[in-house]
Amino acid sequence: MLPASRKVRRPSRQAREGSSAVEFAMVALPFCLMMFAVLELGLVFVTDSVLENATIETGRLVRTGQASAQGMDATRFKSAVCARMSVFSADCPSRLSVDVRVIPQFNTTPPDPLAGGTFNEGALTYSNGQPGDLILVRAWYRQPLLTSFMSQGLSRLNDGTVRMTATTAFRNEPG
């Protein structure tokens, strides 16, 4: 047995009760931020997939000549894409931008409306083309981000949103 002066004193139970709360507080905030980031990234991927499918399906109207037969313009094309955005269709008209243009060849580089840190709507055009024309269909969907550190990694713009892009190119079917 150790002399009284050499005994190792264990912390009392009351001194240890607060340590669990402090440890939890140190771990809880980063854990919650990571969970929100994972959920938001999942939402971005789902939205991107839905946008891609809606753009391809609506582009088919141009490819088959139905868009020309219906007198489709940029506004009606945008509405058709939004109608195919399923659960994301409510805010779609205010978040979606479309560009449908005739291109001379498939390796053409069209103007990038995202250049310069802002989105330039003035660079967008709409043309259904003629039978046999090469058509490039591009759509951009603005998705606001809730977690600020996600916007640092995903956003090319200065407004803290991510612009998802869907593109399809094809040759119009003969008339």
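Residue numbering for the sequence shown follows numbering that gives the first Met the number 0, beginning at 0 and increasing consecutively. From the three backbone atoms N, C-alpha and C, an ideal C-beta is built for every residue, glycine too.
- Message: Looking at the secondary structure, which residues open and close the beta strand (DSSP E) in which Val-99 lies?
- Response: Here residue 99 refers to the residue found at position 100 when the sequence shown is read from its first residue. From DSSP, the beta strand (DSSP E) with Val-99 extends over 95 to 102.
- Query: Pairing CB atoms from the segment 79 to 86 with CB atoms from the segment 100 to 119, are three or more of them under 8 Å?
  - Reply: no
- State the beta-bridge partners of Ala-134 as determined by DSSP. Taking the sequence shown and counting its residues from 1, one reaches residue 134 at position 135. The amino acid occupying residue 134 in the given sequence is Ile; Ala does not appear at that position. Answer by DSSP bridge pairing, in chain order: Val-101 and Phe-169.
- Taking DSSP as the reference, what is the three-state secondary structure of Met-25? Numbered from its first residue, the sequence shown carries residue 25 at position 26. Met-25 falls in the helix class under three-state DSSP.
- Only counting runs of 4 or more residues, tell me where the alpha helix (DSSP H) segments fall wholly within the segment 34 to 118, in order along the chain. 65 to 68, 73 to 82 and 91 to 94
- Task: Taking Val-210 and Val-49 to be in contact with their CB atoms under 8 Å, please state how far apart those CB atoms are, rounded to whole angstroms.
- Result: A question about residue 210 goes unanswered here, because the residues of the chain that appear run from 0 up to 174.
- Query: Just reading off the alpha helix (DSSP H) that Gln-129 is part of, what are its end residues?
  - Reply: In the sequence shown, residue 129 corresponds to position 130, counting from 1. Element bounds for Gln-129: n/a, residue is neither H nor E.
- Task: Could you check which residue in Arg-94, Ser-93, Thr-63 and Gly-58 has the C-alpha nearest to that of Ala-79?
- Result: Counting from 1 along the sequence shown, the entry for residue 79 is found at position 80. Closest by alpha carbon: Gly-58.
- Please classify Pro-103: is it buried, with 16 or more other beta-carbons within 10 angstroms of its beta-carbon, or exposed? Translated into the one-based positions of the sequence shown, residue 103 becomes position 104. Under this definition Pro-103 is an exposed residue.
- Classification of Arg-137 by the beta-carbon crowding that lies within 10 angstroms, buried from 16 upward: What you label residue 137 is simply residue 138 of the sequence shown in a count that begins at 1. With 16 or more Cβ atoms within 10 Å of its Cβ, Arg-137 is classed as buried.
- Cα-Cα separation between Val-61 and Glu-51, rounded to whole angstroms: Taking the first residue of the sequence shown as 1, we reach residue 61 at position 62. Taking the first residue of the sequence shown as 1, we reach residue 51 at position 52. Computed Cα separation, rounded: 16 Å.
- Query: What's the gap between the Cα of Asp-111 and the Cα of Thr-54?
  - Reply: For the purposes of this step, residue 111 is taken as the residue at position 112 of the sequence shown. For the purposes of this step, residue 54 is taken as the residue at position 55 of the sequence shown. Rounded to whole angstroms, Asp-111 to Thr-54 spans 18 Å at the Cα level.
- When the Cα atoms are used, what is the spatial distance from Leu-123 to Gln-129? One-based indexing of the sequence shown puts residue 123 at position 124. One-based indexing of the sequence shown puts residue 129 at position 130. Each residue's alpha carbon lies about 19 Å from the other.
- Message: So the candidates are Glu-39, Gln-69 and Pro-109; which of them puts its Cα closest to the Cα of Leu-133?
- Response: Position 134 of the sequence shown holds residue 133. Checked all of Glu-39, Gln-69 and Pro-109; the closest Cα to Leu-133 is Pro-109.
- Message: Quick check: what's the CA-CA separation for Ala-114 versus Cys-91?
- Response: Position 115 of the sequence shown, counting from 1, holds the residue named residue 114. Position 92 of the sequence shown, counting from 1, holds the residue named residue 91. The straight-line gap from Cα to Cα measures roughly 23 Å.
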